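First the structure, in the form of structure tokens, and then the observations on it.
Given below as structure tokens:
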């Protein structure tokens with residue numbers, strides 16, 4: 042029986058057995074992908090229904106695209122980040138999301154503990170902030186380009202993804 046046949050059987054088999062479930066996750070993963078945390082997508086979602094800004098980050102090209110392609114938001118717009126990721130190979134303990142945004146003398150730092158995650162083939166989804174919306178600042182002083190950096194790090198101080206990005210706040 043070839044590996045693709047085994048994968049097909051595992052995908053179509055539901056099980057409550059923990060050992061079989063763990064084996065299923067390991068066999069369905071890409072064996073060549075050695076990353077423990079794979080951030081697949083970064084999305085800026087707007088409350089007013091404006092089109093979401095989506096970056097696919099599962100490849101180096103996607104990470105480079107986000108770094109070099111700024112997004113634009115209107116001052117006063119309400120938004121949140123939605124990040125989709127998966128865990129490969131081993132449990133990740135104390136995963137944290139750190140976000141730093143700077144513009145000249147203005148700077149903000151956020152750190153959110155996401156928790157511990159087990160490997161699985163489906164993505165986990167993290168929404169920041171979880172139950173509300175952030176509001177882009179308003180006024181002449183706040184308009185312009187901002188530089189941001191977010192990092193996914195765990196309790197072992199392993200940086201799973203460090204990403205720089207830029208965005209611009211324009212008059213609404």
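Residue numbers (this note's numbering): 42 to 213.
Just so you know, even glycine gets a beta-carbon here, dropped at the ideal spot from N, CA and C.
Owing to the predicted nature of the structure, the values given are computational and were not obtained by experimental measurement.
Whole-angstrom C-beta distance between residue j and residue i, which should lie under 8 Å
{"i": "residue 170", "j": "residue 121", "result": "6 Å"}
Pair within 8 Å by beta-carbon distance, residue i and residue j
{"i": "residue 210", "j": "residue 190", "result": "no"}
{"i": "residue 113", "j": "residue 187", "result": "no"}
{"i": "residue 78", "j": "residue 132", "result": "no"}
{"i": "residue 98", "j": "residue 86", "result": "no"}
{"i": "residue 117", "j": "residue 162", "result": "no"}
{"i": "residue 93", "j": "residue 126", "result": "no"}
{"i": "residue 95", "j": "residue 204", "result": "no"}
Nearest neighbour of residue i, chosen from the options [CA to CA]
{"i": "residue 151", "options": "159, 125, 137 and 162", "result": "137"}
{"i": "residue 4", "options": "123, 117 and 95", "result": "Residue 4 falls outside the range modelled here, since the chain spans only 42 to 213, and no answer is possible."}
{"i": "residue 108", "options": "202, 213 and 197", "result": "202"}
{"i": "residue 156", "options": "173, 134 and 176", "result": "134"}
{"i": "residue 144", "options": "116, 212 and 182", "result": "182"}
{"i": "residue 119", "options": "146, 172 and 164", "result": "172"}
{"i": "residue 198", "options": "139, 206, 205 and 168", "result": "139"}
{"i": "residue 192", "options": "147, 153 and 89", "result": "153"}
{"i": "residue 84", "options": "149, 168 and 76", "result": "168"}
{"i": "residue 75", "options": "160, 102 and 213", "result": "160"}
{"i": "residue 115", "options": "89, 100 and 102", "result": "89"}
{"i": "residue 176", "options": "196, 213, 100 and 102", "result": "213"}
{"i": "residue 130", "options": "158, 147, 111 and 208", "result": "158"}
{"i": "residue 206", "options": "102, 101 and 106", "result": "106"}
Bounding residues of the beta strand (DSSP E) (the contiguous stretch that carries residue i)
{"i": "residue 207", "result": "200-211"}
Point to revise | Continuous beta strand (DSSP E) assignments of at least 3 residues falling wholly in the stretch 158-194 | key: 165-169 and 185-194
Point to revise | Whole alpha helix (DSSP H) elements within the stretch 62-141, 4-residue minimum | key: 101-109
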